[in-house]
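Peer 1: First to last, the protein sequences are chains X and U.
Quick note: the first sequence uses the numbering used here, first residue 34, plus one each step.
Quick note: the second sequence uses the numbering used here, first residue 34, plus one each step.
For each residue, glycine too, the CB sits at the ideal point set by N, CA and C.
Let me give you the structure first, and then I'll get to my questions.
Number of protein chains: 2
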Amino acid sequence: MVRLKDIAEACGVSIATVSRALNGLTNEGKERTAFICQTAKEMGYYPNAAARTLKTSKSNNIGIIYEDMMTHVYFSTLFDSLRRESEKLGYDLTFIGRGDFTGQQYYENARQRCLDGVIVVQADFDAAGIMHLATSSIPTVIVDHTYEGVDCVTSDNRASMEQIVRHVYLHGHRKIAIIQGQKGMVSRERLAGFYKACVELGVRVPVEYVREGLFQNAVACTEDILELMKLPDRPTCVLCPDDGSAVGAMARLHAKGIKVPEDIALVGYDGTLMSQIITPRLTTFSQDCTRIAQEVFSMLIDAIEYPDTHIPKQVTVVGKIIEGETV
Amino acid sequence: MVRLKDIAEACGVSIATVSRALNGLTNEGKERTAFICQTAKEMGYYPNAAARTLKTSKSNNIGIIYEDMMTHVYFSTLFDSLRRESEKLGYDLTFIGRGDFTGQQYYENARQRCLDGVIVVQADFDAAGIMHLATSSIPTVIVDHTYEGVDCVTSDNRASMEQIVRHVYLHGHRKIAIIQGQKGMVSRERLAGFYKACVELGVRVPVEYVREGLFQNAVACTEDILELMKLPDRPTCVLCPDDGSAVGAMARLHAKGIKVPEDIALVGYDGTLMSQIITPRLTTFSQDCTRIAQEVFSMLIDAIEYPDTHIPKQVTVVGKIIEGETV
DNA sequence: TGCTAGATTGTAATCGTTTTCTGTCATTGT
DNA sequence: ACAATGACAGAAAACGATTACAATCTAGCA
């Protein structure tokens with residue numbers, strides 16, 4: 034391993050001079066600087082990250098706390114976007130937060146490795162711990178969950194659900210059912226949007242039309258839909274928690290002789306590739322992961338670079354309906 | 034931030050003593066050790082990772098080089114497994130390898146941050162660079178690609194394709210077509226297995242039955258299938274590069290009035306959740322990501338702990354056919 | 001009691017950088 | 001020609017841990 038010291042010896046200057054030359058500090062003479070840089074490159078020098086971190090308390094590393102849900106298309110897409118963005122900005126992404134972490138430990142773990150910032154995705158699990166982290170001196174951005182007074186970026190679940198309801202309303206639907214995902218802020222927000230739009234549009238919602246379901250679980254979704262179809266006053270349109278559920282349910286319905294959209298209209302969520310390649314194309318709602326990632330990093334970078342003047346804010350990113358053929 | 038020094042002062046002992054006590058070095062007296070540990074905990078001490086890494090050249094961090102393909106279910110599943118395994122063993126996972134890396138840079142980047150090891154997934158992109166890394170002093174395991182003399186774990190694409198061919202053969206198919214994925218070792222291996230099984234079973238394969246396709250691209254897959262259906266001597270069974278393609282294609286075929294499996298048998302690949310919740314359930318091949326992850330880490334840990342005696346090996350993990358209703 | 005072995009603990013060097021402070025020159029103004 | 005100024009380079013002190021080595025203390029034994 035090549036050290037600053039080796040270059041210093043090779044060039045016949047001091048370590049400090051090499052360090053400054055390499056870091057572009059204006060101090061040094063121009064051609065000497067060039068010579069040092071040249072030599073460093075030839076010798077294959079790379080600064081030791083640990084030493085630099087130790088001295089500067091900057092690691093160029095951003096921690097990411099993710100539940101084990103990478104297999105859900107939304108989250109893998111979001112991750113891809115986050116990674117691309119972090120790459121662009123010169124940060125590496127490290128997965129932190131062992132499964133059994135709680136309370137202070139998120140914070141301590143981040144502190145321990147001098148992370149420059151932390152991104153928490155879907156912080157539904159340990160409010161106290163997450164808050165401790167988010168209100169600490171370590172820049173933190175929360176994705177898809179809102180806490181007071183800390184940086185949050187959420188795809189606006191409430192507004193999107195409103196959009197969806199209005200969309201199907203415009204297509205003539207007055208009996209709209211909803212199947213929710215796992216309990217949590219996302220589901221709550223969507224339900225709130227659902228009710229809000231229905232109230233505003235004067236659409237009556239019988240309690241039986243609102244069902245608890247699961248994300249990414251087409252079996253559950255199908256069961257729920259079949260239950261809905263048994264109702265004396267059956268809905269004409271069902272809003273599913275995500276595309277995976279909707280696609281799976283659609284296939285099952287189809288096999289049962291129930292036609293989409295003739296017998297029942299279906300709306301998905303996420304705007305996945307899959308939703309657009311099946312027949313009929315699913316009407317769904319696309320969340321703009323690229324935008325989300327950009328917002329996340331813009332807030333994070335601001336918090337990192339201007340820790341004193343940074344003001345936490347809550348940003349919502351609004352997606353859009355992708356019109357398919359199932360409504 | 035609490036330092037060793039702070040604890041030392043609080044306890045009235047030297048820094049070295051605290052360090053030894055905390056690391057369980059047998060040197061220290063029992064109750065003094067206990068007292069130090071207790072105090073450290075009370076003060077909320079966490080060792081500074083950078084300092085420790087600088088001194089010991091161990092980071093407890095494993096780098097992972099992944100192309101941007103997290104949205105493919107196979108890779109997200111694999112990643113989940115890798116992460117779970119790394120968590121269990123106490124390592125963190127850091128995404129490294131900026132998009133424009135080449136040659137030595139993978140190695141230098143890993144060296145720079147004192148990574149204890151590196152996992153390279155689908156190393157199809159920069160053979161020279163990857164080899165430089167893999168043959169360096171940094172423990173490296175390559176997933177889903179085979180290089181001579183370095184640690185590799187692959188799902189046995191050749192053997193699985195053979196299994197698939199034999200499976201459909203047993204179901205009476207003699208006209209078997211294959212749609213490949215992106216060019217690369219995975220596709221090559223699968224094709225080799227396909228030919229091998231066909232030859233052994235005495236199945237004739239017209240050149241038109243072998244088509245180049247794309248992974249995770251149902252549109253391309255559908256086009257390919259439709260082309261195949263136009264052939265004067267059409268195949269009775271088509272092997273698709275992955276479940277996503279197969280599911281999408283199936284839906285399109287269905288819409289065109291071509292029935293699966295009556296008119297054409299279809300086989301997917303990956304054994305995803307999706308493949309099992311659609312109707313008809315897709316016949317597919319499940320890759321055992323958990324096993325792959327275990328093998329990866331077993332090799333990695335061995336290479337890390339016994340760098341001198343470690344012998345690189347090539348491991349293949351065999352998956353199994355999931356019988357659906359499309360053959 | 002005096003000496004030695006063994007058990008603890010402390011001192012200080014080290015890991016590779018960054019950065020402050022000091023010192024040396026050369027340049028400029030008077 | 002001399003002092004003041006500024007540009008540049010080097011020495012050395014951190015950052016927070018680990019660890020080889022030296023130093024101290026205790027106890028066991030003659």
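Indicate the three-state DSSP secondary structure (helix, strand or coil) for U/Phe128 in the structure shown.
Peer 2: Strand, per DSSP.
Peer 1: What does U/Glu358 reach in chain X if we use C-beta pairs closer than 7 Å?
Peer 2: None at all; the shortest Cβ gap to chain X is about 10 Å.
Peer 1: On a CA-only basis, which of U/Asn250, U/Ala49, U/Asp275, U/Ala336 is nearest X/Ile310? Give me that one, please.
Peer 2: It is U/Asn250.
Peer 1: Exposed or buried, what is X/Gln155 when buried is set at 16 or more other beta-carbons lying within 10 Å of its beta-carbon?
Peer 2: With 16 or more Cβ atoms within 10 Å of its Cβ, X/Gln155 is classed as buried.
Peer 1: Which residues share a DSSP beta bridge with X/Val350?
Peer 2: The partner list for X/Val350 (beta bridge, DSSP) reads X/Ser188.
Peer 1: Following the continuous beta strand (DSSP E) through U/Asn94, name the residue where it begins and the one where it ends.
Peer 2: It spans 94 to 98 - the beta strand (DSSP E) in which U/Asn94 sits, taken as one unbroken run.
Peer 1: Since I believe U/Thr127 is in contact with U/Gly150 (beta carbons under 8 Å), could you give me their beta-carbon distance rounded to a whole number of angstroms?
Peer 2: U/Gly150 to U/Thr127, Cβ: 11 Å. No contact.
Peer 1: Tell me which residue opens and which closes the beta strand (DSSP E) that U/Leu272 is part of.
Peer 2: Taken as a continuous stretch (DSSP letters only), the beta strand (DSSP E) holding U/Leu272 covers 270 to 272.
Peer 1: Could you tell me which residues DSSP pairs with X/Asp303 in its beta bridges?
Peer 2: DSSP lists X/Ser319 as partners of X/Asp303.
Peer 1: At what residues does the beta strand (DSSP E) containing X/Ala210 begin and finish?
Peer 2: Counting along the chain, the beta strand (DSSP E) containing X/Ala210 begins and ends at 209 to 212.
Peer 1: Would U/Ile197 pass as a contact of U/Tyr139 if the rule is Cβ separation under 8 Å?
Peer 2: Contact flag unset, no.
Peer 1: DSSP puts X/Ala298 in a beta bridge; with which residues?
Peer 2: DSSP lists X/Cys270 as partners of X/Ala298.
Peer 1: Thinking just about the alpha-carbon of each residue, which of X/Ser278, X/Asp101, X/Arg53, X/Glu338 is nearest to the one in X/Glu256?
Peer 2: Ranking the options by Cα distance to X/Glu256, first place goes to X/Ser278.
Peer 1: Can the beta-carbon of X/Thr104 be found less than 8 Å from the beta-carbon of U/Asp113?
Peer 2: Result yes, Cβ atoms of X/Thr104 and U/Asp113 sit closer than 8 Å.
Peer 1: Taking X/Ser119 and X/Phe248 to be in contact with their CB atoms under 8 Å, please state how far apart those CB atoms are, rounded to whole angstroms.
Peer 2: Rounded, the Cβ-Cβ distance is 26 Å, inconsistent with contact.
Peer 1: Please list, in chain order, all residues of the same chain as U/Gln320 whose beta carbon is under 6 Å from its beta carbon, the five residues on each side excluded.
Peer 2: The residues are Ser188, Gly352.
Peer 1: State the DSSP-derived secondary structure class of X/Ile355, mapped to helix, strand or coil.
Peer 2: In the structure shown, X/Ile355 sits in a strand (DSSP, three-state: E or B).
Peer 1: Over what stretch of residues does the beta strand (DSSP E) that includes X/Ile311 continue unbroken?
Peer 2: Here X/Ile311 belongs to no beta strand (DSSP E), and DSSP marks it neither H nor E.
Peer 1: Give me the subset of the region 128 to 147 of chain X whose CB atoms are less than 8 Å from a CB atom of chain U, sorted by chain position.
Peer 2: Per Cβ criterion, the list reads Phe128, Ile129, Arg131, Gly132, Gln137, Glu141, Asn142, Arg144, Gln145, Arg146, Cys147.
Peer 1: Taking C-alpha atoms, which residue in X/Gly290, X/Ala282, X/Leu272 lies nearest to X/Tyr302?
Peer 2: Nearest C-alpha to X/Tyr302: X/Leu272.
Peer 1: Assign U/Thr173 to one of three DSSP states: helix, strand, or coil.
Peer 2: Reduced to three states, the DSSP call for U/Thr173 is strand.
Peer 1: Quick one: does X/Thr72 have its CB under 8 Å from some CB of chain U?
Peer 2: No, no contact with chain U.
Peer 1: To the nearest whole angstrom, what separates the beta carbons of U/Leu224 and U/Gln213, a pair I think is in contact under 8 Å?
Peer 2: About 6 Å separates the two Cβ atoms, so the contact holds.
Peer 1: Assess, as a yes-or-no matter, whether the region 40 to 50 of chain U is touched by the region 60 to 76 of chain U under the definition of 3 or more beta carbon pairs within less than 8 Å.
Peer 2: Enough Cβ pairs lie closer than 8 Å, so yes.
Peer 1: Can the beta-carbon of X/Met218 be found closer than 8 Å to that of X/Asp157?
Peer 2: Contact: yes.
Peer 1: So X/Gly150 is in the beta strand (DSSP E); what residue range does that whole segment cover?
Peer 2: Run containing X/Gly150: 150 to 154, per the beta strand (DSSP E) assignment.
Peer 1: Counting only beta-carbon atoms, is U/Ser52 nearer than 8 Å to chain X?
Peer 2: By this cut-off, U/Ser52 is not an interface position.
Peer 1: Which word fits X/Ser220, buried or exposed, when buried means at least 16 other C-beta atoms lie within 10 angstroms of its C-beta?
Peer 2: Label assigned to X/Ser220: buried.
Peer 1: Taking a cut of 8 Å between CB atoms, which residues from the region 294 to 321 of chain X lie near chain U?
Peer 2: Within the region 294 to 321 of chain X, the qualifying residues are Leu306, Met307, Ile310, Ile311, Thr312, Pro313.
Peer 1: Reducing DSSP to helix, strand and coil, say where U/Arg144 ends up.
Peer 2: U/Arg144 falls in the helix class under three-state DSSP.
Peer 1: On a CA-only basis, which of U/Ala83, U/Cys254, U/Val236, U/Leu55 is nearest U/Gly205? Give me that one, please.
Peer 2: For U/Gly205, the nearest C-alpha among the options comes from U/Val236.
Peer 1: Using the beta-carbon of each residue, which ones in chain U are nearer than 7 Å to X/Thr323?
Peer 2: What X/Thr323 touches in chain U: nothing, since even the nearest Cβ is about 13 Å away.
Peer 1: Are any of the Cβ atoms in chain U nearer than 8 Å to that of X/Val106?
Peer 2: By this cut-off, X/Val106 is an interface position.
Peer 1: Of the residues that make up the region 323 to 351 of chain X, which ones have a beta carbon closer than 9 Å to any beta carbon in chain U?
Peer 2: Flagged: no residues at all.
Peer 1: Can you say whether U/Asn190 is buried or exposed, counting buried as having 16 or more other CB atoms within 10 angstroms of its CB?
Peer 2: That one is buried.
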